[in-house]
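Using this note's numbering, the letters of the sequence shown map in sequence onto residues 567 to 860. The beta carbon of each residue, even a glycine, is placed where N, CA and C say it ideally should be.
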Amino acid sequence: MRELVILGTASQVPTRSRNQNGYLLRWDGEGLLFDPGEGTQRQMIHAGVSASQITRICLTHVHGDHCFGLPGVLSRLALDGVTHPVHLHYPASGDEAVRALLSLASPGPDLRLHPHGSAGPVAAGLEVEPLRHRIETFGYRLVEPDSRTFLPDRLAAAGIAGPDVGRLLRDGSLNGVQLDDVSVPRPGQSFAFVMDTAVCPGAEALAHGVDLLVAESTFSDDDAGLATQYRHLTAGQAGALASDGVGTLVLTHFSSRYPDVSGLAAQASARAGGAAVVAAEDLDRIPFPKRRKE
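See below:
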């Protein structure tokens, strides 16, 4: 099961229709919670998301609309008796702020802290890149390795079964049968989370070729001066990120000055190449795009 659950889409302050940030990526057996802003715990209830689904929490930076919901989420984990480890990833420069937030949470969860200070992998398949904001900020990219899909009828015809399938996958051939004879490529899927940044190489690296990209779209192209001043993306700039081979672009982190974000979606679509563009609404469930062919 792979889907993105939108818990909040507002930047800086909530509105009557938009909560502050919060995004849960359901990725097979993992639940990655990104940037839980104020009110995330309540939004989880409205979205039908259980705290037990959370296995990782990923903070891009320690501005309040991206982390003030952390104590409540952790307290809910404790209240619900969640026993599995929960890994918390965050910029090392925000360690003091993160620990202050943790001090407000109910004790109990098996929380494992993973501060990072440079680009690179932070967990299996999960890596970070620095972004360009007013404080140290990192975006996240999750990648599934490429693999193979075996064709049962061809395996049967070749007389390969049981442990021999694993040997064939490992060695590439078995008793004269080649891996290509009985399987087809299965391209891995990928996801990127780009939040609170001006255009920068890190954002471009994160977005490159991913199946699903979540990108901030704080300002309209008409307010590009404000975007530059506060180091945020315009809708068109978010669309341009998606033009580099992205499957689906999810726009979020909207300024309260835009009660109707359809214009932002149009600006992003104009520059998004072949990417599908979704302007997120609170409590949306966005399925992962279908797996691409080789």
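DSSP state of residue i mapped onto helix, strand, coil
i	result
residue 659	helix
residue 693	strand
residue 734	helix
residue 763	coil
residue 682	strand
residue 591	strand
residue 673	coil
residue 637	helix
residue 586	strand
residue 577	coil
residue 756	strand
residue 611	helix
residue 828	helix
residue 773	helix
Alpha-carbon to alpha-carbon, residue j and residue i
i	j	result
residue 842	residue 742	44 Å
residue 752	residue 710	10 Å
residue 719	residue 766	49 Å
residue 851	residue 725	43 Å
residue 834	residue 613	27 Å
residue 750	residue 633	43 Å
residue 602	residue 798	19 Å
residue 803	residue 837	8 Å
residue 605	residue 635	6 Å
Near the ligand NAP: residue i beta-carbon under 6 Å from a heavy atom
i	result
residue 743	Absence of the ligand NAP is noted for the structure shown, with no ligands found whatsoever.
Cβ-based burial, residue i [other Cβ within 10 Å; buried from 16]
i	result
residue 777	buried
residue 622	buried
residue 579	exposed
residue 673	exposed
residue 649	exposed
residue 586	buried
residue 847	exposed
residue 715	exposed
Per DSSP, cross-strand counterpart(s) of residue i
i	result
residue 835	Residue 835 is not bridged to any residue.
### Task
Quick one: which unbroken alpha helix (DSSP H) runs of 4-plus residues sit fully inside the segment 778-825? Chain order, please.
DSSP runs (the alpha helix (DSSP H)) wholly in the segment 778-825: 790-796, 801-808.
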